[in-house]
Structures are given as C-alpha cells and as structure tokens.
Amino acid sequence: MLLLLPMASSVVVASWIVLGLVMATSTTKVEAARAFFVFGDSLVDNGNNNYLATTARADSPPYGIDTPSRRATGRFSNGKNIPDFISDALGSEPVLPYLSPELRGNKLLVGANFASAGIGILNDTGIQFINIIRMFRQLQYFAEYQGRLADLVGNDEAQRIVSDSLVLITVGGNDFVNNYYLVPFSARSRQFSLPDYVRYLISEYRKLLMKLYDLGARRVLVTGTGPLGCVPAELAMRSPSGQCAPDLQRAASLYNPQLVQMINGLNSEIGATIFIASNTQQQTNDFISNPGAYGFITSKIACCGQGPFNGLGLCTVLSNLCPNRAQYVFWDPFHPSERANGIIVDTILSGSTDYISPMNLSTLLALDYQTRT
Ligand SMILES: *[C@@H]1O[C@H](CO)[C@@H](O)[C@H](O)[C@H]1NC(C)=O
Ligand SMILES: *[C@@H]1O[C@H](CO)[C@@H](O)[C@H](O)[C@H]1NC(C)=O
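Using the numbering used here, read the sequence shown as starting at 76 and increasing by one per residue.
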C-alpha cells in the first residue's frame, strides 16, 4: 500500500501570524529583478517530474483545479504552491521548472525550479519512484544553469544574479516518510536508531547547504519538516483514532531543532546571515490544533483522496473531492491546499523570530534593498 503512495513531503504546516503584508508589498516592486531558485521535494516541485518517467507526479486532474486554466501543472496543490506565493511577494512571475523547454532566453533571468517530488536528503530516499532528480543532481543542474545564464549575460552578471537571488530549499520529510518509516524494519531503521538517523540526516544536509553556498547562493530560506505524523495519509495508515502518529511526530521534533542549530552554526562559521530557518515545528502546533482559527473546517481530512481521512492512495478524478478547497488544510493526503500554502508564506514573510529566524523575509528583502541601492 505504502509503495503506491505518491510523493510525501515534509508538510510545512504553519501557524501564522497573519500580520499585514504592508512591508512585503512595498518591497515587491523594487525587488522585481531578483532571481529565485527552488530546490527540494514535492512541496515545492512545480513540474519537473512531468518530464520524467516516475509515478511521483501531479499532472492530471483534479490537481490544479483552482488555477485560472483549471489545468494540472505538476504542482502538488489545487492551485498555487509555496514557491508561487514567494514569487508573488518578490513581484516576479512564477519560476519555470528547470526541465521545461520554455526555460531559455530572458526566462532564465527569473530563476529556475530544480525541485523533484519524492526526493530526500539521502540518495536512497524515494527509490520506489525510480526516476527523480536527487539533491546532488539538482545542485549539478544549478551549476549547469549558471553556465547557460553566463552565455546569456556574461560571467560577472551571472554571478551577480545568483548572489543577489533568493533561494528556497524544502527537503527532509521524505527521508522519514519515504525511507526510514516506509516499511517496517526498513534498511535505514535497522542501520540507525532514530536519534542517530536524525544526526546523520543533519550532517548530510549541512553538506548540501555548503554546496549551495559554494555555488554562489547568499540568501537561502530553509524550511524544517512539518507535523509528519499529522498528515491525512499517516492518520489513515497509522492512526485510526485521528491522533497524530507518535513515531513520526517524534522524528519531526528531533529533527527540527537540530536543523535550526546546524543553520545557526553555518551562519556563524561563514560570518554572515546566509541561511534563514523557517521553524515549522513551532508553526505546526497552532495550525493543526486549531484549524478554525484560520478559517479551515478540518486539518485531518484531505480534500482529495479516499478511505479514512481521505488519506489513502492517490488524488485522481475518481477520488472524493471537497467542494470548497479553501476550507481544508490538506489538499491531498500529503500536501497543503493553496490557501494553507498562502498562510505558510505569510508567516515566512511576516512571522516573528519564533517562526522564522534570524529574521523574516520582509525584513531580509528590505535590508538587501537598502544595501544594494
Ligand atoms: C549521492 O550520489 C552522488 C552521486 O553518486 C554522490 O556524489 C553523493 O555523495 C551521494 N550522496 C550521499 C549522501 O550519499
Ligand atoms: C516581520 O515582518 C514584519 C513586516 O512584514 C515586521 O513588521 C516585523 O517586525 C518582522 N518581525 C521580526 C521579528 O522581524
């Protein structure tokens, strides 16, 4: 059963101080030229997997049902995903998937999305999806992209575009859901106790972040994993009572603080604020425990799916589909709805340091604008 599931993901569910976005809006236009690069898994993939022979894809209805064209694009959402809302805040058009043939000429200046549903920090995560773009390969593509950009605008300008860009990386949830906990007695769970596995993931993640830095990234937003045990898929498979599955919750609560610690360590080693940690563990609790406060009717039942909590199998035209997507935290068994994604990004933009540290995205954009003019 588990093997038939599509991508999983660190569901970055948030709690969201929905502050006014006044500051974000005012930085929007001046930052229009800032490029945006995206790395990670299905939470942020916007169509790369459409070009691959893999089962981890979202290119058929009802995915995309709430977009203007009502067409599925490869985003694991009924509408916009997290990168789309960040592009809005930057005043840019959405970035294209790196594998899209449309990504050429001036489109390269907008940035690129290298994410691929199903991947994790580790190469052996998501092996059941066969052909997906693992992290080391996403980073190779980033280097390749920079060569293409340099052909267009010259080396110096290409380097400036990359160092002035914003980068988002969302990865890690699949290393639990589609690896350690994929099957009972998985290879990784026989190799490592959970605390040792978490330490191993963090040390591998650190290498990936350093590689991004070496490739020229200077502003990198890093999201932690959300409430892995609370997503409808896990409720359906592990927790008929509807309580969040304890082993996955424990994994997330070990992983997230160590991620923040690792990021702080990297920043102080480099001597600059390169990495910004989005503390999704903190965000999670309010959102899941009090969906009504954010205008949702449920955080347990997926809008699109089947079985208990609509949490089993794939979201397809044959699934149950809720009439009003805006009332659901989860669009499918693993991924937030468009509206939930928007609230997550509001928190990234305007949240306090409990949610995003050392500063929120609005503050960061305003700061960079000052130093660049
Ligand atoms: C993943 O595979 C690539 C290519 O084989 C390799 O360079 C990299 O070190 C591997 N990463 C891990 C964490 O094993
Ligand atoms: C976050 O952003 C808002 C504006 O969007 C700002 O007013 C606030 O001071 C910021 N919070 C912190 C803790 O940086």
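Here a beta-carbon is modelled for each residue, glycine too, at the ideal position from N, C-alpha and C.
In the structure shown, what three-state DSSP assignment does residue i receive?
i	result
Leu329	helix
Tyr288	helix
Leu165	helix
Gly229	coil
Gly380	strand
Phe405	strand
Ile338	helix
Ser432	strand
Asn121	strand
Arg146	coil
Thr373	strand
Taking 8 Å as the cut-off, does the CB of residue i come closer than this to any heavy atom belonging to ligand 2?
i	result
Gly426	yes
Ser437	yes
Met210	no
Met337	no
Taking 8 Å as the cut-off, is the C-beta of residue i nearer than that to any heavy atom in ligand 1?
i	result
Glu219	no
Arg263	no
Phe405	no
Phe251	no
Ile161	no
Starting from residue i, trace the beta strand (DSSP E) both ways and give me its first and last residue.
i	result
Phe112	111-115
Ala352	350-353
Gly186	186-188
Thr298	295-298
Ile244	241-245
Should residue i be labelled buried (16 or more other beta-carbon atoms within 10 Å of its own) or exposed?
i	result
Thr298	buried
Phe211	exposed
Thr148	buried
Gln318	exposed
Glu232	exposed
Thr428	exposed
Glu413	buried
Ala107	Note that Ala107 scores a pLDDT of 45, beneath 50, so its modelled location is shaky and nothing firm can be said.
Asn385	buried
Leu393	exposed
Ser353	buried
Would you report the Cα separation of residue i and residue j, rounded to the nearest angstrom?
i	j	result
Phe416	Cys397	Checking the sequence, you will find Asn at residue 416 rather than Phe. Answer to the nearest angstrom: the Cα atoms are 17 Å apart.
Val185	Ser175	14 Å
Ser374	Phe405	7 Å
Asp159	Gly139	13 Å
Ser152	Ala190	15 Å
Just to confirm the assignment, what range does the alpha helix (DSSP H) spanning residue i have?
i	result
Thr129	From DSSP, Thr129 is part of no alpha helix (DSSP H); its letter is neither H nor E.
Leu424	413-425
Pro307	307-313
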